[in-house]
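Okay, so here's the structure we're looking at.
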Amino acid sequence: MESKYLTNIAKYSPVYHGSQIQTSIWPQLPLARRASVMVLLFLGKMGELRVILTRRSKKLRAFSGHISLPGGKADTLDETEWDVARRETEEEIGISADDDYLKSHSGFTIHKINTLPAYLSRTFLGVRPCVGFIDFHHASNKAISSILLNPGESSAIFSVPLKDFLQPKPRRYELKECLKQSYIKTKWGGIPWNLRSFIFPIHNPHEVPWLESIQDLSSEEDETEQDMEFGEKTRNVWGLTANILRDLAMLTYGGAKHFHELVGEEDLIHSLATVGKQMQGRPRSEFEKTMTNNRRGVGFDQVLPDHEVQRLKTLYSVI
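Following the UniProt record's numbering, the numbering of the sequence shown begins with 1 at its first residue and continues without gaps.
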């Protein structure tokens, strides 16, 4: 039973800006720049840790159709990262944010395991992943019957093994459900950036029945290169979601040797907010707009001094 690995997540002590600051930059950001996502884990049929993912509705303006973790922006300055993640999870897939209600009506609870450092989204949000575990200890059938997709938010829901996000993949580990992994070390605005991809089949015999029974609200998906390569419909977990799950998998299964590994982009966010005077709220600055659109010739050196850019290059080149 992989529930034993939850201890590794709980023991992880986040490393923040320059390892000198003990708290995240997230609470210091303006409301419009705060976001969080819920990494919701549970035990699958074979006792493996699985993570719940959704497909974003094509009705959404940003990242429509992408595979993502439930989550979104903070509504008020009083909301913690966990508050945001639980509220958004309820809005998107119908799992109540009230644990007392969950326990009394469905027999399960969601335990808070840990919160990872903030990641920088391409739209210049500080995104904190909140890791929770679905405990079916008091449930009679170990299933969630309350899941209800919000068609304006999510069009599909499914789960995959967390262990399949280990990258680099351990030599003796055979991927359970992931059909293909890829990894490119690229740059964004002159700073080293990780572009990861994990391809999973849509039709998965290992899926738990209570997720398999949820109606897929998405329209017929366009055929992709991966579909043609594997001869079946696939889902591509990439971008921010892929980076978060890769880091969490390394912390979960890698043990103590990964506890001091740099996770997220707290240093970059801190520099942008305090030195570069970016991430100041609404609307986005012209610099942020050009960076979001990945315009050629625009880099972080336009708002950060050379010595800070060099520090960040060195910092992120070792990840």
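Glycine included, every Cβ here is placed at the ideal spot set by N, Cα and C.
Residue i versus residue j - alpha carbon distance
i           : j    : result
R128        : L315 : 20 Å
V309        : H270 : 12 Å
E220        : N204 : Note that E220 scores a pLDDT of 48, beneath 50, so its modelled location is shaky and nothing firm can be said.
G152        : A35  : 18 Å
L29         : Y119 : 13 Å
F136        : E288 : 43 Å
V51         : E92  : 16 Å
T241        : H105 : 31 Å
K142        : K103 : 12 Å
D247        : P192 : 16 Å
I25         : A74  : 15 Å
E174        : G254 : 16 Å
K176        : G126 : 32 Å
G107        : E207 : 21 Å
N150        : N293 : 28 Å
E81         : G264 : 15 Å
D83         : P168 : 33 Å
R86         : G44  : 22 Å
Q226        : L179 : 9 Å
K4          : L162 : 14 Å
V303        : E286 : 11 Å
E229        : S317 : 32 Å
M1          : D306 : 49 Å
L272        : K187 : 17 Å
L312        : V275 : 13 Å
residue 320 : T290 : Past the boundaries of the shown model lies residue 320; the chain is included only from 1 to 319, so the question cannot be answered.
E90         : S68  : 15 Å
R284        : E79  : 22 Å
S96         : R56  : 19 Å
Y12         : D164 : 20 Å
Supposed close pair residue i, residue j - CB separation, criterion 8 Å
i    : j    : result
L166 : I184 : Wrong, their Cβ atoms sit about 17 Å apart, outside the cutoff.
T54  : S154 : 4 Å
F158 : L211 : 6 Å
S182 : S197 : 5 Å
A156 : D216 : 5 Å
Cross-strand partners of residue i (DSSP beta bridge)
i    : result
N141 : DSSP, once it has assigned bridges, lists no residue as partnering N141.
Q181 : F198
N38  : According to the sequence displayed, residue 38 carries Met and not Asn. Answer by DSSP bridge pairing, in chain order: C130.
D135 : T109
L120 : G126
K73  : A35
K187 : P192
R55  : I67, A156
L43  : L49
N236 : I199
P161 : R50
Residue j beta carbon less than 9 Å from that of residue i
i    : j    : result
T252 : P201 : no
V131 : T109 : no
G94  : L148 : yes
V237 : V160 : yes
F124 : Q278 : yes
Y16  : T23  : yes
E261 : M250 : yes
P14  : P117 : yes
E88  : M46  : no
A32  : G281 : yes
A10  : I134 : no
L40  : P70  : yes
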